[in-house]
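Following: one structure in C-alpha cells, then a few remarks.
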Amino acid sequence: MSDLMTGLATLLTMQNLLLLAGGVLIGMIVGVIPGVGPSAGLAILLPVTFGLDPTGAIVMLAAVYYGAMYGGTITSVLINTPGESATVASTFDGYPLAKQGRAGPALVMAAVASFVAGTIGALLMSFAAPATAAFARTFGPPEYFLIVMAGLLTVIVILRGNKLLGALSALIGFAIGTVGVDIGGGERRYTFGAVELINGVDFIPVAIGLFAVGEVLHTLWRGGHLERLDFFGVSARSRGFWPNRNDIRESVGPTLRGSFLGFGVGLTPGAGATVASLM
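162 is the number that full-length UniProt numbering gives to position 162 of the sequence shown; each next residue is one higher, with no gaps.
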C-alpha cells in the first residue's frame, strides 16, 4: 500500500499532470484516426519522450495509450467505424444511440466506464501482480487451445439470430487468422506468394472494411442519400450531452461487471482488450 501511495504522490506533481493531460489529448487525436491505434501512436510519439525523465516518459506514454483507446470509441459511436480492435464492441450500442440523438451520453458513459475500470484494474493489479506472474508461467498449449475455443464459443453465444451463421463466421475469422508465418515452424501459410501477407491480416483494415465500407454500401443501397442525423440531440432540448440519472443508474452494474470481467480476462495469457470487450 505504501508503494501505491508513493506512486500516486509522484503522479500528482504539476509536471506529470501536464504530461498526463497533454498525452490524453494527443492520444485522442491519434485514436480517432482509423487504422492508427494506440500501438502506432506510441511508436510515433516515442521520440518525444527522449528528453523527459523516466517517470514523466511513462506517464505520457500511458496517457497517450489510454487517450487513443478512448479516441477509437469516439469514431465507433459517431461513424460506426472502430479506431482500434478493442472498440469494436462500442459500435453495437454506441452507434444506434448516436442515431437516436444520444451520442453525448454514450461518449460520456464510455469515458466514465473506462476510468472506473482502469482504476479498479490498476488497484487489483498492484496486489495481484506476483500471483499473476506465477499463474501465467503455468500456461501451455492445452490452456491456449481452451482460450481460443472459449473465444469462438463466445462469438456464437452473443450473436443474435442464426447461431449457425455465427459459427460459420467464427470459423472464417479463424481461417483468416492462420494467414502468415507459422510461429512454431516458420512456414508461410496461405500467403500465395504475396509479401504483404507474411505478417498476417491486420485486424484494423478488416474492421474498417466491415464497418466503414459497410456504411458506404448501406448508403448506396438507400439511393446514395446521406441520412441527416442529430447525433447530440441539438434539435431536442430534452436530450442533452450529459447522461441523466436513469442512464447513470443503469450503467453502474454493467460498469462494475465489465471492470472485473476485463481484469480477469486481462490476467489470462493470450487474451487482451479485444477478447474482453466481446465477452
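Glycine included, C-beta positions come from ideal geometry on N, C-alpha and C.
Per-residue DSSP class, three states only, for GLY180: Taking the sequence shown and counting its residues from 1, the one referred to as residue 180 is at position 180. It is a strand residue.
Proximity of SER90 and ALA110 at Cβ, strictly below 8 Å: Position 90 of the sequence shown, counting from 1, holds the residue named residue 90. Position 110 of the sequence shown, counting from 1, holds the residue named residue 110. A contact, by the Cβ cut-off of 8 Å.
DSSP state of ARG249 mapped onto helix, strand, coil: For the purposes of this step, residue 249 is identified with residue 249 of the sequence shown, where counting begins at 1. Helix.
DSSP-derived helix/strand/coil call for ARG257: On the sequence shown, residue 257 is found 257 positions in, with the first residue counted as 1. In this structure, ARG257 counts as helix in the three-state DSSP scheme.
Exposed unless 16 or more other CB atoms sit within 10 angstroms - verdict on ILE183: Position 183 of the sequence shown, counted from the first residue, corresponds to residue 183. By the 10 Å Cβ count, ILE183 comes out exposed.
ASN16 - containing alpha helix (DSSP H), residue span: Counting from one through the sequence shown, the residue named residue 16 turns up at place 16. Where ASN16 is concerned, the enclosing alpha helix (DSSP H) stretches over 14 to 31.
Own chain residues within Cβ distance below 6 Å of LEU19, not counting five before or after: The count along the sequence shown starts at 1 and reaches residue 19 at position 19. Once the five neighbours on either side are set aside, the close Cβ partners of LEU19 are GLY56, VAL59, MET60.
Proximity of residue 317 and ALA273 at Cβ, strictly below 8 Å: Lying outside 1 to 279, the shown extent of the chain, residue 317 is not represented and no answer is given.
Beta-ladder partner(s) of ARG188, from DSSP: Sequence index remark: in the sequence shown, residue 188 carries index 188 (1-based). Partner(s): VAL181.
Own chain residues within Cβ distance below 7 Å of GLN15, not counting five before or after: In the sequence shown, counting from the first residue as 1, residue 15 sits at position 15. Answer for GLN15: GLY56, listed in chain order.
Inside the region 43 to 118 only - alpha helix (DSSP H) runs reaching at least 4 residues: 54 to 79, 90 to 99
Backbone CA spacing between TYR70 and MET28 [nearest angstrom]: Numbered from its first residue, the sequence shown carries residue 70 at position 70. Numbered from its first residue, the sequence shown carries residue 28 at position 28. For TYR70 and MET28, the distance between alpha carbons rounds to 6 Å.
Neighbourhood of ILE44 by C-beta distance below 7 Å, restricted to the same chain and skipping five residues each side: Walking along the sequence shown from the start, residue 44 turns up at place 44. Within the same chain, ILE44 has no close Cβ partners at all.
Euclidean distance between Cα positions of VAL24 and ALA122: By one-based count along the sequence shown, residue 24 stands at place 24. By one-based count along the sequence shown, residue 122 stands at place 122. The alpha-carbon atoms of VAL24 and ALA122 are separated by roughly 17 Å.
Range of the contiguous alpha helix (DSSP H) that encloses ALA194: Numbered from 1 along the sequence shown, position 194 holds the residue referred to as residue 194. Element bounds for ALA194: n/a, residue is neither H nor E.
Exposed unless 16 or more other CB atoms sit within 10 angstroms - verdict on ARG137: Position 137 of the sequence shown, counted from the start, is the residue given in the question as residue 137. That one is exposed.
The alpha helix (DSSP H) enclosing ASP3, as first and last residue numbers: Along the sequence shown, read from residue 1 onward, the residue named residue 3 stands at position 3. ASP3 -> alpha helix (DSSP H) spans 2 to 11.
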